[in-house]
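Take the sequence shown: its letters are residues 1 to 326, numbered as in the numbering used here.
Positions of the beta carbon are idealized from the N, C-alpha and C atoms, including for glycine.
Owing to the predicted nature of the structure, the values given are computational and were not obtained by experimental measurement.
Written out below as structure tokens is the structure these notes cover.
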Amino acid sequence: MKPKVLIARAVFPETIARLSLHFEVESNPDDTIWTKAQLIQKLQGKAGAFTTGSERIDAEVLAACPQLKIVANMAVGYNNFDVDAMTAAGVLGTNAPDVLTETTADFGFALLMATARRVTESEHYLRAGLWTKWSYDMFAGAEVHGRTLGILGMGRIGQGIARRGAHGFGMNVIYHNRSQLSPALEAACKARYVSKEELLGSADHLVLVVPYSAASHHTVGAAELARMKPTATLVNIARGGIVDDAALAVALRDKRIAAAGLDVFEGEPKVHPDLLTVPNVVLTPHIASATIPTRRAMANLAADNLIGFLTEGKALTPLNPQVLPG
Ligand code: 8YV
């Protein structure tokens with residue numbers, strides 16, 4: 001008998017077809033976001049689950065689903081997993097790194113550009129029929145080329161943004177990270193390690209790419225925003241909760257910083273109402289990895305992990321390899 005696998009959200013039909021070759025698959029064609037109780041009910045008897053960031057796998061879910069052996073996330077971030085609880089329950093967690101790095105870095109740069117050059121704000125003005133004449137300072141934005149790019153969180157995606165800034169736009173790149181990169185990686189990104197304080201105070205454009213955890217909650221709040229240049233812009237493509245969105249809305253309203261670009265939000269898909277009323281913010285609905293080739297690669301990697309683990313005890317990108325057999 002084939003092992004049973006749950007696909008918790010709508011995905012590519014070919015992903016479902018591929019998993020169905022190996023498993024008895026239950027999918028979610030309506031793309032309903034299940035409650036925890038519904039998720040637990042759907043997981044009964046399942047050996048594997050294919051999840052996205054919207055399914056929380058914690059001790060309560062694991063205790064209620066004793067047959068579960070692996071949960072494969074179609075995301076590089078895995079703050080929806082309680083990895084310690086998974087390890088304690090002997091359940092493997094996998095994520096989907098690397099395959100989205102360049103696409104996500106492209107988007108980070110797009111958001112930086114749109115924010116600095118006021119792309120959406122000026123488009124709204126045009127669409128509202130307010131554009132009646134050219135004027136010398138209309139929607140004058142911030143320079144990007146040659147300016148200082150700050151990156152908080154210098155993992156693979158942070159490095160991708162650094163390379164784009166340094167090599168494509170001649171930017172002076174500074175970064176802060178839990179650990180300093182090797183000299184070779186720093187040279188490839190033309191990036192200089194600085195303290196968090198220097199990063200906040202010196203960046204003309206600051207991009208956040210840190211993973212979310214209890215420790216990184218509100219890494220950027222009122223105090224950090226107060227340290228930034230009033231001309232600076234802030235981009236968050238990391239996770240909601242890294243930025244204190246209420247404090248950011250105040251800083252934007254008071255022009256404490258010039259502008260922000262946000263792809264992720266605290267409590268998304270809800271957006272802090274004050275962010276919807278300030279003009280100097282570009283808002284996108286968590287789409288940094290959203291190109292079809294990249295989303296396909298992410299789905300394939302999650303599927304490879306399920307197939308590899310449930311058929312051969314192997315996984316490509318395990319988060320808690322200590323639970324792998326042998
Ligand atoms: C996902 C992401 O699309 O990979 C991540 O961590 O944030 C996005 O690429 C999202 O998490 C849905 O799984």
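query                                                                                                         : result
DSSP-derived helix/strand/coil call for Lys-2                                                                 : coil
Contact check, Met-74 vs Phe-50, beta carbons under 9 angstroms                                               : yes
Per-residue DSSP class, three states only, for Asn-172                                                        : strand
The segment 225 to 245 contacting the segment 106 to 121, beta-carbon criterion three pairs below 8 angstroms : yes
CB of Asp-82 within 9 angstroms of CB of Thr-148, strictly                                                    : no
Member of Leu-111, Thr-219 and Glu-121 whose CA lies at the smallest distance from the CA of Ile-287          : Leu-111
Among Leu-39, Val-210 and Tyr-136, nearest to Val-243 - alpha-carbon criterion                                : Val-210
For Val-11, the first and last residue of its enclosing beta strand (DSSP E)                                  : Run containing Val-11: none; DSSP gives neither H nor E here.
Span separating the alpha-carbon of Leu-208 from that of Ile-161                                              : 10 angstroms
Close Cβ partners of Leu-252 (< 8 angstroms) along its chain, the five nearest in sequence each way excluded  : Ala-259, Ala-260, Leu-275, Val-278, Asn-280 and Val-281
Presumed contact (8 angstroms Cβ cut-off) between Asn-95 and Val-119, rounded CB distance                     : The Cβ separation is near 32 angstroms, so there is no contact.
Rounded distance between the beta-carbons of Leu-319 and Tyr-78, thought under 8 angstroms                    : 6 angstroms
Rounded separation between Leu-100 and Asn-300 - CA only                                                      : 12 angstroms
Backbone CA spacing between His-217 and Lys-270 [nearest angstrom]                                            : 17 angstroms
Exposed unless 16 or more other CB atoms sit within 10 angstroms - verdict on Arg-164                         : buried
First through last residue of the alpha helix (DSSP H) which encompasses Val-119                              : 119 to 127
Heavy atom of ligand 1 within 8 angstroms of Ala-75 beta-carbon                                               : yes
Reduced DSSP category for His-205 - H, G, I as helix; E, B as strand; rest coil                               : strand
Endpoints, alpha helix (DSSP H) assigned at Glu-266                                                           : Premise fails: Glu-266 is in no alpha helix (DSSP H) and is neither H nor E.
Reduced DSSP secondary structure (H/G/I, E/B, other) of Gly-108                                               : helix
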